[in-house]
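In what follows, a single structure is set out as structure tokens and then discussed.
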Amino acid sequence: MYSILKSWLTAGRLTVPASELALSEATVVRLEQLEALSKSYRKALSRSVMIRHLDAGSCNAEEAELLALANPVYDMSRFGLEITASPRHADILTVSGPVALQLLPAIKQTYDAMPEPKLVVAVGDGACYGTPYDTTYACLGPIDKFLPVSVYIGGDPPSPSDILAGLIECQKQLSSLN
Amino acid sequence: MKTKATPQTTQDLLAIFNDFFGDDLHSAEVVNPSEIHLLVDETMFYEGAAFIHSNLLFKSTFITLVATDERRLNNQFNLHGVFLLKAQKVVVTLITGLDGENPSYKALTPLIPAAEWLERELHDLFGIEAEGVDLKPLVLHRGWPKAHPYVMHKDVAKDTPIELTDTDHEFGFTSPASAHQVAVGPIHAGIIEPGHLRFCVTGERIHHFDAQLFYTHKGIEKMAEGKTIYEGLTLAEHVCGLCAFSHSLAYSQAVESLCQITPSERTQAIRRLLLEMERLANHFADLTAICSAGGFGFASARAAYFRESIMQLNKHLTGHRFLRDFNTLGGLKSDLQAATLDMAFETLDKLKSPYRQWVEMLYNKDSFLDRVEGAGLLGKQQALDLGIVGPSARGSGVVEDLRHDYPQGMGQPNYPTFSVPSQTDGDVRARMQVRIDEVYESLMLIRQTLSTMAQDGVDPAAPTKPLKPNPETPGIGLVESAKGGLLHWLVLEASAPVPTINRWHVRSASYMNWRGMAAATMGNNIVPDGPLVNKSFNLCYACSDR
């Protein structure tokens with residue numbers, strides 16, 4: 001135990017510096033959505049926020065990358081971003097995957113359970129555009145058919161640094177509008 | 179005492195089947211050096227399955243049940259039962275025709291409990307009645323209209339709208355008045371996929387556990403029908419993100435066996451390499467999850483770092499963290515340069531010593547061992563009955579691994595030798611230990627593959643040569659993914675310029691293991707062990723729901 005601690009304490013920094021988190025081209029922030037919010041709401045959302053994740057029918061890759069945000073390399077909590085267990089405590093709802101029919105009632109309930117102010121961030125091509133899936137009896141397409149989406153972080157799946165950079169960009173835009 | 183000699187070749191097997199079925203065997207053919215198709219009378223389907231499943235000379239494993247809608251052709255549904263005979267390394271498919279108006283047959287579940295979900299799914303999606311099993315809905319939730327269309331029928335359009343009427347959850351048990359129910363999901367507290375789990379408890383003790391899954395059912399099998407084989411490959415890689423490469427490999431093997439393509443030696447070697455890379459990433463993720471559910475944060479963070487190094491290496495090797503969009507039909511999209519491979523070799527070599535220290539740390543931590551030892555027991559017989567696959571089966575003493583038992587399933591009959599790690603305790607620690615040992619085996623296999631890499635290029639054979647699919651014959655790909663054996667089953671249709679998909683069936687590892695997880699959770703555990711047991715199986719919802 002001592003040797004392991006020693007070797008890891010001397011291993012140096014593992015975390016990616018904030019300056020190296022580049023915004024991916026597939027990220028789109030819809031300014032009109034952010035402008036529609038009141039000034040105090042924008043201020044609240046541009047500071048430390050709680051995130052609730054919602055899998056609307058994804059292939060599990062987006063979930064793996066979101067989980068990686070908590071590992072020592074990406075360490076999202078240094079930016080004041082935290083995952084919360086309940087939508088009741090959440091400011092931001094991240095959604096992945098195309099909307100699956102049998103999950104739709106739960107998706108609506110989750111969004112309704114979130115207090116204002118709230119934002120929806122679509123993570124991955126499935127949630128943003130519904131690709132590569134077609135619509136079927138059980139696959140209803142991208143999430144913006146059902147919920148108002150403010151930020152689209154495309155990618156198949158977007159890497160943890162793409163997701164992190166997208167969330168930080170959204171907050172930057174919010175504070176620059178004020 | 180006279181003992182019967184074990185039949186070895188497909189010809190021996192054909193003789194045995196001819197003998198057993200007699201006049202009820204309509205046709206028997208060897209379609210591939212290691213696949214046998216038996217077309218039998220509907221009345222003999224159950225008897226045939228019983229014969230194959232219980233004959234000790236075969237060491238048979240039940241793989242799947244697939245139906246196809248052939249009503250336009252001859253007004254019947256075809257039912258295929260797929261078995262792997264491990265003693266002969268042969269896949270036997272038992273095929274029978276069912277009536278097009280009222281399809282029904284004698285259920286296999288009483289004989290092969292592993293078939294239960296598949297028979298319920300056949301009822302939900304095809305309306306095929308398995309007589310002798312409780313056909314409560316599995317895929318379809320309670321809100322589906324009473325007179326819903328059977329969505330997998332060929333005459334039902336892909337995007338037929340379905341109106342859900344009721345969204346309550348119905349469960350297969352009634353709790354005593356004094357028992358408390360803990361409902362979890364479908365939206366979970368952590369970042370995991372949706373599913374509704376319900377624990378029936380008195381105090382801390384779990385009496386009963388049941389799960390409502392298939393929330394993320396997207397109808398991928400239906401979606402693929404009519405698409406080209408290349409579009410199908412993209413869908414196959416999106417059935418499940420974590421096992422994307424295994425799915426890709428199983429799908430491409432199914433197409434390659436139908437189109438009689440043999441990929442180059444170098445393609446084979448790189449595919450083996452990437453399959454092990456995916457296994458490493460998944461095993462590190464599973465170990466992260468077990469440590470975190472066991473309350474050992476430090477170990478969990480370290481394992482998460484191991485996983486991240488593998489993901490970054492994957493990105494460096496193939497340009498994709500989940501190894502998507504690299505494998506193609508008959509070959510690979512690009513070759514790996516010698517310098518890249520050397521770098522991979524070095525990175526993995528450097529991982530070994532910290533990993534060994536990490537394992538030592540786990541076993542020095544009594545408070546952690548106290549959590550994992552004896553929790554979530556799954557007995558060997560239970561695992562065999564439920565058809566559990568992968569590390570979960572090997573943790574319960576079922577020594578099965580498709581890389582060892584049927585490497586033909588991934589198109590590599592001469593797979594290098596390796597040892598199949600297994601444990602007999604059947605608890606969380608056993609499943610964890612199997613993964614710990616498999617990491618060493620994977621590192622060994624990668625090292626061996628890298629040192630004996632052939633140099634004959636990886637250009638895909640498919641785009642240059644015309645494909646010759648045989649429409650009536652299904653193609654099979656069987657791959658050992660990190661979570662266990664998975665199957666892709668494919669029937670193509672000849673069309674220009676490339677063949678299209680007529681019917682595609684995916685049976686993933688998680689699909690088989692969910693019931694094992696439920697059984698293990700019910701095995702004398704307390705509520706806080708629920709997540710730990712869950713994580714020791716670490717099942718995927720996406721590839722089970724499809």
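Taken in sequence, the protein lines are chains P and D.
Position 159 of the first sequence, counting from 1, maps to 159 under the working numbering, and the rest follow consecutively.
Position 220 of the second sequence, counting from 1, maps to 398 under the working numbering, and the rest follow consecutively.
Every residue gets a Cβ at the ideal spot worked out from N, C-alpha and C, and that includes glycine.
Along the chain, which unbroken stretches of the alpha helix (DSSP H) at least 4 residues long are found entirely within the region 279-329 of chain D? 294-304
Can you name the residues of chain P whose CB is closer than 8 Å to the CB of residue 718 of chain D? As a first step, residue 718 of chain D must be located in the second sequence, where it is residue number 540. Residues of chain P passing the Cβ test: 60.
Give the straight-line distance between the Cα atoms of residue 231 of chain D and residue 466 of chain D, rounded to the nearest whole angstrom. Mapped onto the second sequence, residue 231 of chain D falls at position 53. Mapped onto the second sequence, residue 466 of chain D falls at position 288. Going from the Cα of residue 231 of chain D to the Cα of residue 466 of chain D covers about 37 Å.
List the residues of chain P whose Cβ lies closer than 9 Å to the Cβ of residue 536 of chain D, in chain order. Your numbering for residue 536 of chain D matches position 358 in the second sequence. By Cβ distance, chain P contributes 4.
Among the candidates P/168, P/176 and P/175, whose CA atom is the shortest distance from the CA of residue 202 of chain P? The structure shown does not extend to residue 202 of chain P, since chain P spans only 1 to 178, so no value can be given for it.
Hey, quick one: how far does the beta strand (DSSP E) through residue 534 of chain D stretch, first residue to last? In the second sequence, residue 534 of chain D corresponds to position 356, counting from 1. Taken as a continuous stretch (DSSP letters only), residue 534 of chain D belongs to no beta strand (DSSP E), being part of the alpha helix (DSSP H) at 516-541.
In terms of alpha-carbon separation, which member of P/86, P/65 and P/165 lies closest to residue 111 of chain P? Counted from its first residue, the first sequence places residue 111 of chain P at position 111. Ranking P/86, P/65 and P/165 by Cα distance to residue 111 of chain P puts P/86 first.
Among residues of its own chain, excluding the 5 on either side of residue 591 of chain D, which ones have a beta-carbon nearer than 7 Å to its beta-carbon? Position 413 of the second sequence, counted from the start, is the residue given in the question as residue 591 of chain D. Correct list, in chain order: 585.
C-alpha gap between residue 359 of chain D and residue 688 of chain D, whole angstroms: By one-based count along the second sequence, residue 359 of chain D stands at place 181. By one-based count along the second sequence, residue 688 of chain D stands at place 510. Approximately 25 Å between the Cα atoms of the pair.
Tell me the rounded alpha-carbon separation between residue 52 of chain P and residue 116 of chain P. In the first sequence, counting from the first residue as 1, residue 52 of chain P sits at position 52. In the first sequence, counting from the first residue as 1, residue 116 of chain P sits at position 116. Near 14 Å, if we compare the C-alpha coordinates of residue 116 of chain P and residue 52 of chain P.
Are the C-beta of residue 338 of chain D and some C-beta of chain P separated by less than 8 Å? Counted from its first residue, the second sequence places residue 338 of chain D at position 160. Output row for residue 338 of chain D: interface = yes.
Rounded to whole angstroms, what is the Cα-Cα separation between residue 587 of chain D and residue 654 of chain D? Residue mapping note: residue 587 of chain D aligns to position 409 of the second sequence, counting from 1. Residue mapping note: residue 654 of chain D aligns to position 476 of the second sequence, counting from 1. Rounded to the nearest angstrom, the two C-alpha atoms are 7 Å apart.
Looking only at its chain, what residues have a beta carbon closer than 7 Å to the beta carbon of residue 522 of chain D, apart from the 5 residues adjacent to it on each side? Along the second sequence, read from residue 1 onward, the residue named residue 522 of chain D stands at position 344. Same-chain partners within the cutoff: 491 and 495.
Roughly how many angstroms separate the alpha carbons of residue 601 of chain D and residue 121 of chain P, rounded to a whole number? In the second sequence, the residue the question calls residue 601 of chain D occupies position 423. In the first sequence, the residue the question calls residue 121 of chain P occupies position 121. Near 44 Å, if we compare the C-alpha coordinates of residue 121 of chain P and residue 601 of chain D.
Could you tell me which chain P residues have their CB closer than 9 Å to the CB of residue 400 of chain D, listed as they occur along the chain? As a working mapping, residue 400 of chain D is identified with position 222 in the second sequence. Residues of chain P passing the Cβ test: 136, 137 and 138.
Exposure label - residue 174 of chain D; buried when at least 16 CB within 10 Å: Absent from the model: residue 174 of chain D. The displayed extent of chain D is 179 to 724, so no value can be given.
Neighbour flag for residue 55 of chain P against chain D, beta carbons, 8 Å: By 1-based counting over the first sequence, the position of residue 55 of chain P is 55. True, the Cβ-Cβ gap to chain D drops below 8 Å.
Could you give the residue range of the alpha helix (DSSP H) that holds residue 196 of chain D? Here the question's residue 196 of chain D lines up with position 18 in the second sequence. Segment 188-199, the alpha helix (DSSP H) holding residue 196 of chain D.
Closer than 7 Å by beta-carbon distance: list the chain D residues that pair up with residue 73 of chain P, in chain order. Here the question's residue 73 of chain P lines up with position 73 in the first sequence. Within 7 Å Cβ-Cβ: 483 and 486.
What does residue 110 of chain P touch in chain D if you count any residue whose Cβ is under 9 Å from its own? Residue mapping note: residue 110 of chain P aligns to position 110 of the first sequence, counting from 1. Those are 365, listed as they occur along chain D.
The alpha helix (DSSP H) spanning residue 491 of chain D covers which residue range? Taking the second sequence and counting its residues from 1, the one referred to as residue 491 of chain D is at position 313. Element bounds for residue 491 of chain D: 475-496.
Proximal residues, the region 85-108 of chain P versus chain D, C-beta separation under 8 Å: 85, 86, 87, 97, 98, 100, 101, 102, 103, 104, 105 and 106
From D/683, D/695 and D/419, residue whose alpha carbon lies closest to that of residue 258 of chain D: As a first step, residue 258 of chain D is located in the second sequence; it is residue number 80 there, counting from the start. Nearest of D/683, D/695 and D/419 to residue 258 of chain D, Cα basis: D/683.
Using a C-beta to C-beta distance shorter than 9 Å, which residues of chain D count as neighbours of residue 115 of chain P? By 1-based counting over the first sequence, the position of residue 115 of chain P is 115. Ordered by position in chain D, no residue passes the 9 Å Cβ test against residue 115 of chain P, which lies about 16 Å from the chain.
Neighbouring residues, chain P, relative to residue 418 of chain D (Cβ below 7 Å): The residue given as residue 418 of chain D occupies position 240 in the second sequence. Those are 59 and 60, listed as they occur along chain P.
Under 9 Å, CB to CB, which of the residues in the region 689-720 of chain D have a partner in chain P? 718, 719 and 720
Could you work out which residue in P/133, P/41 and P/17 is closest to residue 156 of chain P when comparing CA atoms only? Translated into positions along the first sequence, residue 156 of chain P becomes position 156. The candidate whose alpha carbon is nearest that of residue 156 of chain P is P/133.
Residues of chain P with a CB under 7 Å from the CB of residue 370 of chain D: which are they? Reading the second sequence from its first residue, position 192 is the one you call residue 370 of chain D. Chain P residues near residue 370 of chain D: 63.
For a contact defined as C-beta to C-beta under 8 Å, what are the partners of residue 133 of chain P on chain D? Here the question's residue 133 of chain P lines up with position 133 in the first sequence. Chain D residues near residue 133 of chain P: 396, 398, 401, 413 and 416.
At which residues does the beta strand (DSSP E) containing residue 454 of chain D begin and terminate? Along the second sequence, one-based indexing puts residue 454 of chain D at 276. Careful: residue 454 of chain D lies outside any beta strand (DSSP E), inside the alpha helix (DSSP H) at 443-471.
Contacting positions in the region 144-158 of chain P - beta carbon closer than 9 Å to chain D: 156 and 157
Along chain D, in chain order, which residues have C-beta atoms closer than 8 Å to that of residue 66 of chain P? Walking along the first sequence from the start, residue 66 of chain P turns up at place 66. The answer, in chain order, is 369.
Using CA atoms only, rank isn't needed, just tell me which of P/70, P/83, P/162 and P/63 is closest to residue 720 of chain D. Residue numbering aside, residue 720 of chain D sits at position 542 when the second sequence is read from its first letter. Checked all of P/70, P/83, P/162 and P/63; the closest Cα to residue 720 of chain D is P/63.
Relative to the C-alpha of residue 107 of chain P, which candidate in P/42, P/40, P/14 and P/57 has its C-alpha closest? Here the question's residue 107 of chain P lines up with position 107 in the first sequence. Selected option, being the one with the closest Cα: P/57.
Would residue 577 of chain D be called buried (16 or more neighbouring beta carbons within 10 Å of its own) or exposed? To locate residue 577 of chain D, count along the second sequence from 1; it is residue 399. Classification for residue 577 of chain D: exposed.
Contact set for residue 448 of chain D: own chain, Cβ-Cβ below 7 Å, skip 5 residues either direction: Sequence index remark: in the second sequence, residue 448 of chain D carries index 270 (1-based). Result list for residue 448 of chain D: 510, 514 and 636, in chain order.
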